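Undergrad:
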Amino acid sequence: MNSASAEELGRYCLHAFSQQVPASLAAFYRVDEHLLACDFQLLGMQPPMHRHYLEHYRHLDPLKPGNCKAIGLPVVSLRQGLAHQDAALGREYLGFLRQHKVVDVVEVTAWVEGRLTAGISLLRDGSLGAFKVEELERLLPLHGLMQMAARQLPTPVLDRLAGLTPREREIALLLRDGACNKTLARQLELGLPTVKTHLINLFRKVGVRNRTELVGYCSCRIARATRPLWGRVYPR
1 MNSASAEELG
11 RYCLHAFSQQ
21 VPASLAAFYR
31 VDEHLLACDF
41 QLLGMQPPMH
51 RHYLEHYRHL
61 DPLKPGNCKA
71 IGLPVVSLRQ
81 GLAHQDAALG
91 REYLGFLRQH
101 KVVDVVEVTA
111 WVEGRLTAGI
121 SLLRDGSLGA
131 FKVEELERLL
141 PLHGLMQMAA
151 RQLPTPVLDR
161 LAGLTPRERE
171 IALLLRDGAC
181 NKTLARQLEL
191 GLPTVKTHLI
201 NLFRKVGVRN
211 RTELVGYCSC
221 RIARATRPLW
231 GRVYPR
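Just so we're aligned: 157 in full-length UniProt numbering is position 157 of the sequence shown, and the numbers increase by one with no gaps anywhere.
1) Between MET45 and LEU73, how many whole angstroms is the CB-CB distance? I'm expecting something under 8 Å.
2) Could you give the residue range of the beta strand (DSSP E) that holds THR117?
3) Straight-line CA distance for ASP86 to ARG58?
4) Pick out whichever of LEU123, GLU135 and CYS68 has its Cα sitting closest to the Cα of residue 248.
5) Measure the CB-CB distance between ALA185 and LEU175 and report whether it falls below 8 Å.
6) Is VAL215 buried or exposed, if buried means 16 or more other CB atoms sit within 10 Å of its CB?
7) If you run the structure through DSSP and keep just helix, strand and coil, what is SER18?
8) So TYR29 and GLY119 are in contact, right, with Cβ under 8 Å, and what is the actual spacing, rounded?
9) Per DSSP, what are the beta-bridge partners of ALA27 in this structure?
10) GLY81 to ARG91, Cα distance in whole Å?
11) Got a sec, what are the start and stop residues for the alpha helix (DSSP H) GLU170 sits in?
12) Could you check whether LEU136 and SER77 sit closer than 8 Å to each other, using their CB atoms as the reference points?
13) When burial is assigned at 16 or more other CB atoms within 10 Å of the CB, is GLN152 buried or exposed?
14) Counting pairs of Cβ atoms below 8 Å between the stretch 36-44 and the stretch 7-23, do you hit three or more?
15) Could you tell me the alpha carbon to alpha carbon distance between MET146 and LEU202, rounded to whole angstroms?
16) Grouping DSSP H, G and I as helix and E and B as strand, with all else coil, what is VAL208?
17) Go through its chain and collect everything with a Cβ distance to ARG138's Cβ below 7 Å, but skip five positions before and after it.
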């Protein structure tokens, strides 16, 4: 399956899942080999909210791919995710959701040969209320279809980054999601001068002049992450 058909899978999942279990906002994404969500496709979510999430809150997300993998269920509720996370981090993340009037989230993940490959987030505001148990059960048949389709997705490759240190690779992956230097410093617990040194070394090793070229080199298509589908706008 090529990148165009991967986009089609995202559109199908966003439409089918939100029709079966109504959602205020939704996001489809692929999962790379480092368990980071990438290649987002958004439904209803405005770009500022998504950028806010990527820059400040994705590392706090109780439903991020690594946490869903640890829980091991195809459908994971926000409540389940919070139960597997430090309470202080969970409260901080809930504050982010409240800022955007989100009252509940559910994550559905697809696995291929034991590897988490793709996922979809369904978010609800107060007008729809929290997800009910019977609604989560209705997602299971759709999960099976999504899982079969995900087997045709190309595996994300990072061969071009094979010569990087783990820290440099981590920085490259954060850059591809739009992280600025301050965000890098905060998430990696580094000083700004250290971040700049890592960037210089990273650009030199990959053979690029700046972060824009690096993002293109990694083929992560950041623009897709901030493009709402179909022009539908839901309450934030």
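Glycine residues also receive a C-beta, built at the ideal position from the N, C-alpha and C atoms. A quick note: this is a predicted structure, and the numbers were derived from the prediction, not measured.
TA: Taking the definition as stated:
1) As a first step, residue 45 must be located in the sequence shown, where it is residue number 45. As a first step, residue 73 must be located in the sequence shown, where it is residue number 73. The pair is not a contact, with the Cβ atoms about 24 Å apart (cut-off 8 Å).
2) Taking the first residue of the sequence shown as position 1, residue 117 is located at position 117. Segment 115-125, the beta strand (DSSP E) holding THR117.
3) Residue numbering aside, residue 86 sits at position 86 when the sequence shown is read from its first letter. Residue numbering aside, residue 58 sits at position 58 when the sequence shown is read from its first letter. Roughly 15 Å separates the two Cα atoms.
4) The first residue shown for the chain is 1 and the last is 236, placing residue 248 beyond what the model contains.
5) Locating residue 185 in the sequence shown gives position 185, counting from the first residue. Locating residue 175 in the sequence shown gives position 175, counting from the first residue. In this structure, LEU175 does not lie closer than 8 Å to ALA185 by Cβ.
6) Counted from its first residue, the sequence shown places residue 215 at position 215. Flag for VAL215 reads buried.
7) Position 18 of the sequence shown, counting from 1, holds the residue named residue 18. Helix.
8) The count along the sequence shown starts at 1 and reaches residue 29 at position 29. The count along the sequence shown starts at 1 and reaches residue 119 at position 119. Right, the Cβ-Cβ distance comes to about 6 Å (below 8 Å), so this counts as a contact.
9) Working through the sequence shown from its first residue, we reach residue 27 at position 27. DSSP output for ALA27 lists LEU42 and SER121 as bridge partner(s).
10) Mapped onto the sequence shown, residue 81 falls at position 81. Mapped onto the sequence shown, residue 91 falls at position 91. Spanning the two alpha carbons is a distance of roughly 12 Å.
11) By one-based count along the sequence shown, residue 170 stands at place 170. Note, GLU170: alpha helix (DSSP H), 166-176.
12) To locate residue 77, count along the sequence shown from 1; it is residue 77. To locate residue 136, count along the sequence shown from 1; it is residue 136. Yes, the pair counts as a contact, with Cβ atoms nearer than the cut-off.
13) Translated into the one-based positions of the sequence shown, residue 152 becomes position 152. With fewer than 16 other Cβ atoms within 10 Å, it is exposed.
14) yes
15) Mapped onto the sequence shown, residue 146 falls at position 146. Mapped onto the sequence shown, residue 202 falls at position 202. Each residue's CA atom was taken as its position, placing MET146 and LEU202 some 36 Å apart.
16) By 1-based counting over the sequence shown, the position of residue 208 is 208. Three-state DSSP puts VAL208 in coil, outside helix and strand.
17) Taking the sequence shown and counting its residues from 1, one reaches residue 138 at position 138. Closer than 7 Å at the Cβ level, and outside the excluded window around ARG138, lie GLN20 and VAL21.
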